[in-house]
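A.B. asks: Below is one structure. I have some questions about it.
Residue numbers (the UniProt record's numbering), protein chains in the order written: chain F, 1 to 353; chain Z, 1 to 316.
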């Protein structure tokens, strides 16, 4: 554990202020009206930072904004020919460097799912790439996994370093920081202090105890193998999705859900082409122009969500499209539990129609 | 003495399905369950953590072709029974398809408030209710918190803790007394200046994700897959991530519930960002009472004011 730095509680705000001069620094902050649900916001002096509870939102908007302008256009009528219109394109804004500071290890791993979707294969998403190239992730060893957490069941743990450039470990007097990548080590030049022997030792203990602090049961890998066997079992999917409200809480809070829609938002002769979050739980997600909808009910829609995360994506990319953060379950108005559904795939239980 | 299980047993032969709650992923989050097998009656629970309003499934699921003829047993707290009544009023479910098990309600628990009230931090392994106290068990031991301190905002203003419509009633809990001023929260906001109110809503709605949980958890938002929030032809609301678009959606949502909202507060409970969207609908409920002396969801035979037209009405 060499190459470590230390930042005390008292110095943290100043560090973030200095970092903000070079980059947009996204931190979990507490809002006055929702003290128990911190969310990621660009750092500003005087903010009420809170690294303790799991933030309600993931940091995914940093790399994949909820609404992103891809281009602007303007129609111009030709003076000579009344019917001719010209489309004028404007390049989108330049991308600022960003730092995600103090996310959970699960959130950091979530970005790796995005990387596969947006950067691998023959089509590289230029917008995502531009953001990702200038992005750095500082994750924090997870202080308190709760009953909805299941990173352990998707091949991770609360002290995982995968996907992080820097890992911060909470100790009594502040945070011990470890650079994990080249970028991360470069970043640590911003933090002058080194931890004492005692702080190093405390960090080691925090790390070790966090590593084993989530009880997620067995890995979901074996259960997920049964997805195709269950695919056509309509009664199974109806039974397990009956209480789903078809809202977008699960997908919008999910660090790994990356589906989007493209719309042209026009206002007179001006307009923007917008990429915005979409959710496979919504009816219109697969609505076709003909009026046909291949996923007409929530049973087909939820099946697709399970399949995408635990079967199709792993088959193609070698990992679950799920980081086990548990937000989909924790904040679902009716407690839809995707873990339980994956676990049930292989069971031979009788279901009722 | 009646228990939840004995009551459900007693109606079992008259229904095809019973909508109730069972234990969810942890003791704090009971989930809706659809009981179709007699042996599953044992899994049903009722306590102040059973927050979801089960009437949401009636217009959105039990109106489909395969479910239209099903007889439904349904557990209903006071607010839930108002939603059921409103659905009957609007012809969205037939009264004779329903067997309503009314539940006297002491208020439902706000999990965030409970987390704040705790002095211990270990994961909760059990929750029990007795004598107005919530008894929380974790690895750190047992601690008690007064239920009054941790109930949801919607329940602090509830006027119908005793169900308004039922076939049989279960009196497991003392119904919460009617508060002096049920519209105190709305009035506190309304007493502020226009600028302050605008600033309040812009700040609150700015964090809206447009996940539409508020809409989908609402038992009376019945347009289902044809909501104009997502309609592209015509397009009313853009996909832009701006507070103006979010504001517009919430205003449309509110106005479509004017004179219909039964103040169950599910919109606000379902919101992951904890935006107090219930306040908007409470205001319309207050207007309906002031203007027409109408309280939605309290009389199955009454006609909702905005579903009728009376040329003699003045003052609108």
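Glycine included, every Cβ here is placed at the ideal spot set by N, Cα and C.
Taking residue 39(F) as the reference, which of 32(F), 55(F), 48(F) has the closest Cα?
C.D. replies: It is 55(F).
A.B. asks: Can you give me the C-alpha to C-alpha distance between residue 95(Z) and residue 253(F), rounded to a whole angstrom?
C.D. replies: Going from the Cα of residue 95(Z) to the Cα of residue 253(F) covers about 38 Å.
A.B. asks: According to DSSP, is residue 156(F) part of a helix, a strand, or is it coil?
C.D. replies: Of the three classes helix, strand and coil, the one that applies to residue 156(F) here is coil, per DSSP.
A.B. asks: Expressed to the nearest angstrom, what Euclidean distance is found between the alpha-carbon atoms of residue 148(Z) and residue 45(Z)?
C.D. replies: Their Cα atoms are separated by approximately 21 Å.
A.B. asks: Taking CB distances under 8 Å as the criterion, tell me whether residue 252(F) reaches chain Z.
C.D. replies: Chain Z, which has a Cβ nearer than 8 Å to the Cβ of residue 252(F), makes this yes.
A.B. asks: Output needed in chain order: residues of the segment 197-223 of chain Z with a Cβ under 9 Å from some Cβ in chain F.
C.D. replies: Here the close residues are 203, 204, 207, 209, 210, 211, 212, 213, 214, 215, 216, 217.
A.B. asks: Can you look up residue 102(F) in the DSSP assignment and give me helix, strand or coil?
C.D. replies: Here residue 102(F) sits in strand by DSSP.
A.B. asks: Where residue 184(F) and residue 320(F) are concerned, what is the direct C-alpha to C-alpha distance, given to the nearest angstrom?
C.D. replies: Computed Cα separation, rounded: 25 Å.
A.B. asks: Given residue 328(F), which residues of its chain have a CB within under 8 Å of its CB, disregarding the five upstream and five downstream residues?
C.D. replies: Hits under 8 Å: 249, 250, 251, 253, 254, 336, 338.
A.B. asks: How about residue 43(Z): is its Cβ closer than 7 Å to a heavy atom in the ligand PLP?
C.D. replies: Of ligands this structure carries none, so the ligand PLP is not represented either.
A.B. asks: Contact defined as beta carbons within less than 8 Å: I believe residue 103(Z) pairs with residue 32(Z). What is the distance between those atoms, to the nearest angstrom?
C.D. replies: Their Cβ separation, rounded to whole angstroms, is 14 Å, which puts residue 103(Z) and residue 32(Z) out of contact at 8 Å.
A.B. asks: What is the rounded straight-line gap between the Cα of residue 178(Z) and the Cα of residue 106(F)?
C.D. replies: One C-alpha to the other measures close to 45 Å.
A.B. asks: Between which two residues does the beta strand (DSSP E) holding residue 295(Z) run?
C.D. replies: Unbroken run through residue 295(Z): none, as it is neither H nor E.
A.B. asks: Going by DSSP, what residue range makes up the beta strand (DSSP E) through residue 40(F)?
C.D. replies: It spans 39-42 - the beta strand (DSSP E) in which residue 40(F) sits, taken as one unbroken run.
A.B. asks: Who are residue 127(Z)'s beta bridge partners in DSSP?
C.D. replies: In DSSP, residue 127(Z) forms a bridge with 136(Z).
A.B. asks: Hey, residue 100(F) and residue 137(F): beta-carbon distance below 8 Å or not?
C.D. replies: Yes, they are a contact pair.
A.B. asks: How would you write the range of the alpha helix (DSSP H) that residue 128(F) sits in, first residue to last?
C.D. replies: Per DSSP, residue 128(F) belongs to the alpha helix (DSSP H) from 126-133.
A.B. asks: Please name the residues in the segment 207-239 of chain F whose beta-carbon is closer than 8 Å to at least one beta-carbon of chain Z, in chain order.
C.D. replies: So nothing in the stretch comes that close.
A.B. asks: What is the DSSP secondary structure of residue 226(F), counted as helix, strand or coil?
C.D. replies: Coil at residue 226(F), not helix or strand.
A.B. asks: For the candidate residues 131(F), 245(F), 260(F), 277(F), whose alpha-carbon lies nearest to that of residue 299(F)?
C.D. replies: It is 245(F) whose Cα lies nearest to the Cα of residue 299(F).
A.B. asks: Shorter than 8 Å from the beta carbon of residue 168(F) to some beta carbon of chain Z?
C.D. replies: Taking Cβ atoms only, chain Z never reaches closer than 8 Å to residue 168(F), which makes this a no.
A.B. asks: To which residues of the same chain is residue 333(F) closer than 8 Å at the C-beta, ignoring the five residues directly before and after it?
C.D. replies: Around residue 333(F): 245, 247, 249.
A.B. asks: Are there 16 or more other CB atoms within 10 angstroms of the CB of residue 210(Z), so buried, or fewer, so exposed?
C.D. replies: Counting Cβ neighbours within 10 Å, residue 210(Z) comes out buried, since at least 16 surround it.
A.B. asks: For residue 139(Z), count neighbouring C-beta atoms within 10 Å of its own C-beta (all shown protein chains included) and say buried if the count is 16 or more, exposed if not.
C.D. replies: Exposed, since its Cβ has fewer than 16 Cβ neighbours within 10 Å.
A.B. asks: Please tell me whether residue 345(F) and residue 70(F) are closer than 8 Å, where the distance is taken between their beta carbons.
C.D. replies: No. Outside cutoff.
A.B. asks: At the level of alpha carbons, what is the spacing between residue 76(F) and residue 89(F)?
C.D. replies: Near 12 Å, if we compare the C-alpha coordinates of residue 89(F) and residue 76(F).
A.B. asks: Using 10 angstroms around the beta-carbon of residue 321(Z), count the other beta-carbons present and answer buried if the total reaches 16, otherwise exposed.
C.D. replies: Since the first residue shown for chain Z is 1 and the last is 316, residue 321(Z) is missing from the structure and cannot be characterised.
A.B. asks: Would you kindly work out how many angstroms separate the C-alpha atoms of residue 291(F) and residue 278(F), rounded to a whole number?
C.D. replies: The alpha-carbon atoms of residue 291(F) and residue 278(F) are separated by roughly 19 Å.
A.B. asks: Starting from residue 76(Z), trace the beta strand (DSSP E) both ways and give me its first and last residue.
C.D. replies: Looking at the DSSP string, the run of the beta strand (DSSP E) that includes residue 76(Z) is 72-76.
A.B. asks: Between 265(F), 242(F), 259(F), 179(F), which has its C-alpha nearest residue 280(F)'s C-alpha?
C.D. replies: Comparing Cα positions, the closest option is 259(F).
A.B. asks: By alpha-carbon positions, which one of 310(F), 294(F), 282(F) ends up nearest to residue 228(F)?
C.D. replies: When only C-alpha atoms are compared, the closest one is 310(F).
A.B. asks: For residue 232(F), count neighbouring Cβ atoms within 10 angstroms of its own Cβ and tell me buried if that reaches 16, exposed if not.
C.D. replies: Its Cβ having fewer than 16 others within 10 Å, residue 232(F) is exposed.
A.B. asks: Determine whether the Cβ of residue 13(Z) lies closer than 8 Å to any Cβ atom of chain F.
C.D. replies: So, not an interface residue.
A.B. asks: Using DSSP with H/G/I as helix, E/B as strand and the rest coil, what is residue 242(F)?
C.D. replies: In this structure, residue 242(F) counts as coil in the three-state DSSP scheme.
A.B. asks: Leaving out the 5 sequence neighbours to the left and right, which residues in its chain are closer than 8 Å to residue 263(F) when beta-carbon positions are compared?
C.D. replies: Once the five neighbours on either side are set aside, the close Cβ partners of residue 263(F) are 273, 274, 276.
A.B. asks: Examine chain F for any beta-carbon lying closer than 8 Å to the beta-carbon of residue 246(Z), and answer yes or no.
C.D. replies: So no, residue 246(Z) is outside the interface.
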